[in-house]
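Asker:
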Amino acid sequence: MDALVQQYLDQYGVSDATRHFLNKPKKMFIGGAWLEGSDNSTANVIEPSTGGVLTQIPIGSIGDLDLAVAAARSQF
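Residue numbering for the sequence shown follows the numbering used here, beginning at -2 and increasing consecutively.
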């Protein structure tokens, strides 16, 4: 999270719990488990009113997609 977004969150009184969530690493939910992306690539999530970086999320690879599809198929 960049300083511009932090200032914005301060201005609007965003809770410490929300800030903690935004600062912790994000994972993908696949097959009932929270997993990191297999190649550790991430994408920035932009806060639209400031244009600043709010948090980062994993970018799934083809392998991650295959794993998610296999997990979904096993549920049917």
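Yeah, the Cβ is synthetic: ideal placement off N, Cα and C, and Gly gets one too.
From a predicted model like this one, the values you see are computed outputs, not experimental measurements.
Excluding the 5 residues flanking residue 6 on each side, which residues of the same chain have their C-beta closer than 7 Å to its C-beta?
Answerer: Cβ neighbours of residue 6 beyond the five flanking positions: 16.
Asker: Given a cut-off of 7 Å, decide if residue 61 and residue 35 are closer than it, judged by their beta-carbon atoms.
Answerer: The answer is yes: Cβ separation under 7 Å.
Asker: DSSP has residue 25 in a bridge; who is on the other side?
Answerer: 32.
Asker: Can you tell me whether residue 45 is buried or exposed, with buried defined as 16 or more other CB within 10 angstroms of its CB?
Answerer: By the neighbour-count rule (16 or more Cβ atoms within 10 Å), residue 45 is not buried but exposed.
Asker: What does residue 55 pair with, by DSSP beta-bridge criteria?
Answerer: Note: residue 55 sits in a beta bridge opposite 39.
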